[in-house]
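Asks: Listed in order, the protein sequences are those of chains A and B.
Number 170 in our numbering belongs to position 170 of the first sequence; there are no gaps in the numbering.
Number 162 in our numbering belongs to position 162 of the second sequence; there are no gaps in the numbering.
All C-beta atoms, glycine included, are put in the ideal place defined by N, C-alpha and C.
For clarity, every value in this text was computed on a predicted model and none was experimentally measured.
There are 2 protein chains.
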Amino acid sequence: MTPRTPRADSARNREALLDAGGRALRRDVDATLEDIATEAGLSRRAVYGHFPGRDALVDAIVERGATRIAAAVGPRTDEDPLVALARLGGALWDAVADVHAVARMALSSGRGATVAGAMAPIRERVRACLVDAASAHRVRTDVSPEVLALLVERAALDVLEVAAQAEADDARMLAMTHPLCAAGVGAADAARLARQVEDAR
Amino acid sequence: MTPRTPRADSARNREALLDAGGRALRRDVDATLEDIATEAGLSRRAVYGHFPGRDALVDAIVERGATRIAAAVGPRTDEDPLVALARLGGALWDAVADVHAVARMALSSGRGATVAGAMAPIRERVRACLVDAASAHRVRTDVSPEVLALLVERAALDVLEVAAQAEADDARMLAMTHPLCAAGVGAADAARLARQVEDAR
DNA sequence: ACGAAGTTGCACACGGCTGTGCAAGTTATG
DNA sequence: CATAACTTGCACAGCCGTGTGCAACTTCGT
C-alpha cells in the first residue's frame with residue numbers, strides 16, 4: 001500500500017559489487033560469485049538481490065566499463081593524429097581499472113562479442129589515427145593499417161598490465177609513448193609527442 | 001612372463017594428445033579433457049592411460065613447450081644485440097604453436113610458476129639484448145631495462161597472436177621488427193636489422 | 001592366430017559453482 | 001518506532017568436469 005523508496009545503501013552495495021567484480025575479474029577471469037561478493041563485503045546470497053545471476057553481473061561490469069572507456073576516449077579532435085594517439089594512451093591510463101578489467105575478459109571464453117563492443121571506441125580511434133599518420137608516412141607502412149592497429153591496441157594494453165605491476169611513477173608517460181613506438185615512431189619522436197600532450201594539460 | 005615391447009601407436013597417441021592439447025589450450029585455457037581427447041581422436045577415458053590426470057597432461061604440454069622454446073631461442077652468440085633480438089623474434093615465430101600455447105597459460109590461474117619457468121629463456125635473452133643495446137643508446141632509455149624487457153616480450157607475443165589470426169604472409173618479418181619497434185627502434189632501422197637476419201639465413 | 005597392449009563405453013562417486021526457497025536477522029527511512 | 005527494504009545463513013537441487021572400476025572390444029606384435 002505504501003510503496004517506500006528503495007534504500008540508499010542498496011545502490012551503494014550494487015556499486016560495490018561492480019567495483020569488487022572488476023577488481024576480482026582483473027585478477028582471475030573466472031572469479032567465483034563468492035569471491036566477488038566477499039570482496040564487496042556482501043554474502044553470495046545477497047548478489048541475487050541485485051543481479052539475476054553471474055552472467056548479468058559480469059555483463060553489467062562490462063557495460064559500465066564500456067561507457068567509462070568511451071568517456072575516457074572522448075570526442076575526436078582535429079589535432080595531429082600521433083598527438084591524438086599519445087593523448088589516447090594517457091586517457092586509457094587514467095581509466096586503467098576499467099580498461100584492464102574489460103580487456104582481460106576479451107580473450108576468455110564466451111563473452112567475446114560483448115567485450116569487443118566495449119573495446120570498440122579504442123579500436124576505432126586507434127585505427128583512425130594510424131590511417132591518418134600512415135598517409136603521411138609517420139608510422140611504419142610495411143604492415144596494413146588494420147594489423148598495425150591491432151598491435152598498437154595491444155601495446156596500449158600491455159603498458160596497462162606491465163606498469164600496473166611495476167608501478168613505475170612515469171607509467172602515464174609510458175602509456176603515451178609505448179603505443180607510438182609500437183607503431184614505428186622512434187623513441188625520441190615518441191617522447192617529444194608525449195611531452196606535447198603533457199604540456200597542454 | 002613374456003614382457004612385450006610397448007605398442008608403437010601408443011606413443012603416437014601420446015604425441016597426438018600433446019599436440020591436440022596445445023591447440024585446444026591455445027584457444028581456450030580451460031579446455032575440457034573431453035575437448036582435448038576428441039581433438040586427438042581419442043576418448044576421454046583413454047587419456048588416463050597416458051597421463052594420471054588433467055594436471056599431468058597440461059604439465060607435459062608445458063614441459064614439451066619449454067624445451068622447444070629453449071631450442072628455438074638457441075645459444076647466445078656475440079652478434080649485434082638488436083640483430084639478435086630480431087633473430088629471436090623470427091625463431092619464436094617458427095615455434096608459434098608451442099610458444100603461443102604456453103604463453104596463453106601464463107596469466108591464467110594457478111600454474112603461474114611452472115609457465116614462468118618455460119618462458120624464462122625468452123625472458124632472459126630479451127633482457128640481455130636490451131641491456132646491451134641500452135648501454136649504446138640504441139633503444140629507448142627513459143624506461144628501466146626490466147620494464148622495457150617486459151614490454152618487448154609482450155610485443156613478441158602480441159605478434160604471434162595477432163598474426164596468427166590475420167595470417168599475414170609477412171608475419172615472420174613482423175615477428176622480427178615489431179619487438180624492435182616496441183623497444184624504441186625506429187621503423188626504418190627495425191626493417192634494416194630484420195633484413196640483415198633474413199639475408200644471413 | 002594367439003595374447004597382450006591399448007581403447008572404448010558406461011556407471012558411479014566426488015567436488016565445486018550456480019541458482020533458489022525460506023526463516024530469521026539487521027538497518028534505513030518515513 | 002514501526003515497517004518495509006535489505007541482508008544473512010542454511011539447505012537443497014542441478015550442472016559440469018574430473019577421476020576410477022570394469023567388461024567388452026579392437027589392434028598391434030610375434
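Against chain A, which members of the segment 180 to 191 of chain B pass a CB distance test of less than 9 Å?
Replies: Here the close residues are Cys181, Ala182, Ala183, Gly184, Val185, Gly186, Ala187, Ala188, Asp189, Ala190, Ala191.
Asks: Taking its Cβ as the centre, do 16 or more other Cβ atoms sit within 10 Å of B/Thr67, making it buried, or is it exposed?
Replies: As a first step, residue 67 of chain B is located in the second sequence; it is residue number 67 there, counting from the start. Classification of B/Thr67: exposed, given that the 10 Å Cβ count is below 16.
Asks: What first and last residue would you give for the alpha helix (DSSP H) that runs through B/Pro202?
Replies: Since the displayed chain B opens at 1 and closes at 201, residue 202 of chain B lies outside it and no answer follows.
Asks: Could you have a look at A/Leu107 and say whether DSSP puts it in helix, strand or coil?
Replies: In the first sequence, counting from the first residue as 1, residue 107 of chain A sits at position 107. In the structure shown, A/Leu107 sits in coil (DSSP, three-state: anything other than H, G, I, E or B).
Asks: Shortest alpha-carbon distance to B/Asp28 belongs to which of A/Gly117, A/Thr38, A/Gly110, A/Ala72?
Replies: Start at 1 with the first residue of the second sequence, and residue 28 of chain B comes out as number 28. That would be A/Gly110, whose Cα lies nearest to the Cα of B/Asp28.
Asks: Do B/Val197 and B/Met176 count as a contact pair if the criterion is CB distance below 8 Å?
Replies: For the purposes of this step, residue 176 of chain B is taken as the residue at position 176 of the second sequence. For the purposes of this step, residue 197 of chain B is taken as the residue at position 197 of the second sequence. Cβ distance < 8 Å, so B/Met176 and B/Val197 count as in contact.
Asks: Any idea what DSSP makes of B/Val205, helix, strand or coil?
Replies: No answer is possible for residue 205 of chain B: the residues shown for chain B start at 1 and end at 201.
Asks: If you run the structure through DSSP and keep just helix, strand and coil, what is B/Glu15?
Replies: By one-based count along the second sequence, residue 15 of chain B stands at place 15. Three-state result, B/Glu15: helix.
Asks: What are the start and end residues of the alpha helix (DSSP H) that includes B/His178?
Replies: Within the second sequence, numbered from 1, the residue matching residue 178 of chain B stands at position 178. Start and end: 171 to 182.
Asks: Decide yes or no for the touch test of the segment 112 to 121 of chain A against the segment 88 to 95 of chain A: beta carbon pairs closer than 8 Å, at least 3 of them.
Replies: They do not touch, by the three-pair rule.
Asks: Can you tell me whether A/Gly186 is helix, strand or coil according to DSSP?
Replies: One-based indexing of the first sequence puts residue 186 of chain A at position 186. Three-state result, A/Gly186: coil.
Asks: If the criterion is Cβ atoms closer than 8 Å, does the pair B/Leu220 and B/Phe51 meet it?
Replies: Outside the displayed range of chain B (1 to 201) lies residue 220 of chain B, so it cannot be described from this structure.
Asks: Can A/Leu148 and A/Arg140 be called in contact, C-beta distance under 8 Å?
Replies: As a first step, residue 148 of chain A is located in the first sequence; it is residue number 148 there, counting from the start. As a first step, residue 140 of chain A is located in the first sequence; it is residue number 140 there, counting from the start. In this structure, A/Arg140 lies closer than 8 Å to A/Leu148 by Cβ.
Asks: Are the C-beta of B/Arg111 and some C-beta of chain A separated by less than 8 Å?
Replies: Translated into the one-based positions of the second sequence, residue 111 of chain B becomes position 111. Chain A contact via Cβ: absent.
Asks: Step through the CB atoms of chain A and report whether any lies within less than 8 Å of the CB of B/Asp202.
Replies: Because chain B is modelled from 1 through 201, residue 202 of chain B falls outside the range shown and cannot be assessed.
Asks: In its own chain, which residues sit with a C-beta less than 7 Å from the C-beta of A/Asp132, not counting the 5 before and 5 after it?
Replies: The residue labelled residue 132 of chain A in the question sits at position 132 within the first sequence. Counting only Cβ-Cβ distances below 7 Å, and skipping sequence neighbours, we find Pro81.
Asks: Less than 8 Å separating the beta-carbons of A/Val62 and A/Thr114?
Replies: To locate residue 62 of chain A, count along the first sequence from 1; it is residue 62. To locate residue 114 of chain A, count along the first sequence from 1; it is residue 114. Closer than 8 Å, so yes.
Asks: State yes or no: is the C-beta of B/Gly65 within less than 8 Å of the C-beta of B/Asp98?
Replies: Indexing the second sequence from 1 puts residue 65 of chain B at position 65. Indexing the second sequence from 1 puts residue 98 of chain B at position 98. In contact: B/Gly65 and B/Asp98 (Cβ atoms closer than 8 Å).
Asks: If the cut is a Cβ gap below 7 Å, which residues of chain A does B/Asp142 touch?
Replies: If you number the second sequence from 1, residue 142 of chain B lands on position 142. By Cβ distance, chain A contributes Ala191.
Asks: Locate the alpha helix (DSSP H) running through A/Val83, then write down its first and last residues.
Replies: What you label residue 83 of chain A is simply residue 83 of the first sequence in a count that begins at 1. Segment 81 to 94, the alpha helix (DSSP H) holding A/Val83.
Asks: Can you tell which of B/Ala46, B/Ala103, B/His137 has the C-alpha that lies nearest to the C-alpha of B/Ile11?
Replies: Taking the second sequence and counting its residues from 1, one reaches residue 11 of chain B at position 11. The residue asked about is misnamed: residue 11 of chain B is Ala in this sequence, not Ile. Ranking the options by Cα distance to B/Ala11, first place goes to B/Ala46.
Asks: Report yes if the CB atom of A/Leu180 is closer than 8 Å to the CB atom of A/Ala103, and no otherwise.
Replies: Translated into the one-based positions of the first sequence, residue 180 of chain A becomes position 180. Translated into the one-based positions of the first sequence, residue 103 of chain A becomes position 103. No; because the gap between Cβ atoms is not below 8 Å, this pair is not in contact.
Asks: In whole angstroms, what separates the C-alpha of A/Val126 from that of B/Ala182?
Replies: Counting from 1 along the first sequence, the entry for residue 126 of chain A is found at position 126. Counting from 1 along the second sequence, the entry for residue 182 of chain B is found at position 182. Distance between the alpha carbons of A/Val126 and B/Ala182 is about 16 Å.
Asks: Is it right to say B/Gly186 is buried, meaning 16 or more other beta carbons lie within 10 angstroms of its own, or is it exposed?
Replies: Translated into the one-based positions of the second sequence, residue 186 of chain B becomes position 186. Counting Cβ neighbours within 10 Å, B/Gly186 comes out buried, since at least 16 surround it.
Asks: Among the residues of its own chain, which have a CB less than 7 Å from the CB of A/Arg195, if the five just before and after it don't count?
Replies: The residue given as residue 195 of chain A occupies position 195 in the first sequence. So no residue of the chain qualifies.
Asks: Taking the straight line between their C-alpha atoms, what separation do you get for B/Leu33 and B/Ala101?
Replies: Counting from 1 along the second sequence, the entry for residue 33 of chain B is found at position 33. Counting from 1 along the second sequence, the entry for residue 101 of chain B is found at position 101. Answer to the nearest angstrom: the Cα atoms are 16 Å apart.
Asks: If I measure Cβ to Cβ from B/Val202 and keep anything under 7 Å in the same chain, skipping five residues before and after, which residues do I get?
Replies: With chain B covering 1 to 201 only, the question about residue 202 of chain B has no answer from this structure.
Asks: List, in order along the chain, the chain B residues whose C-beta lies closer than 8 Å to that of A/His178?
Replies: For the purposes of this step, residue 178 of chain A is identified with residue 178 of the first sequence, where counting begins at 1. Residues of chain B passing the Cβ test: Leu151, Ala182.
Asks: Using a Cβ cut-off of 8 Å, pull out every chain B residue sitting near A/Val159, in sequence order please.
Replies: To locate residue 159 of chain A, count along the first sequence from 1; it is residue 159. Leu151, listed in chain order.
Asks: Which chain A residues sit within Cβ distance under 7 Å of B/Leu174?
Replies: As a working note, residue 174 of chain B is residue 174 in the second sequence. Under the 7 Å cutoff, chain A gives Val143.
Asks: Which residue from B/Arg154, B/Asp59, B/Ala164 puts its Cα closest to that of A/Val162?
Replies: Against the first sequence, residue 162 of chain A aligns to sequence position 162. Looking at the Cα atoms, B/Arg154 is the closest of the given residues.
Asks: With A/Leu42 as the anchor, note down where its alpha helix (DSSP H) starts and where it stops.
Replies: Numbered from 1 along the first sequence, position 42 holds the residue referred to as residue 42 of chain A. Careful: A/Leu42 lies outside any alpha helix (DSSP H) and carries neither H nor E.
Asks: Could you give the residue range of the alpha helix (DSSP H) that holds A/Pro121?
Replies: Position 121 of the first sequence, counted from the first residue, corresponds to residue 121 of chain A. That run of the alpha helix (DSSP H) goes 112 to 135.
Asks: Rounding to the nearest angstrom, what Cα-Cα distance links B/Leu18 and A/Ala16 in this structure?
Replies: Taking the second sequence and counting its residues from 1, the one referred to as residue 18 of chain B is at position 18. Taking the first sequence and counting its residues from 1, the one referred to as residue 16 of chain A is at position 16. Those two C-alpha atoms are separated by around 43 Å.
Asks: If contacts are defined as beta-carbon pairs under 8 Å, then A/Leu85 and A/Cys129 qualify, I think. What distance do you get, rounded to the angstrom?
Replies: Along the first sequence, one-based indexing puts residue 85 of chain A at 85. Along the first sequence, one-based indexing puts residue 129 of chain A at 129. Right, the Cβ-Cβ distance comes to about 4 Å (below 8 Å), so this counts as a contact.
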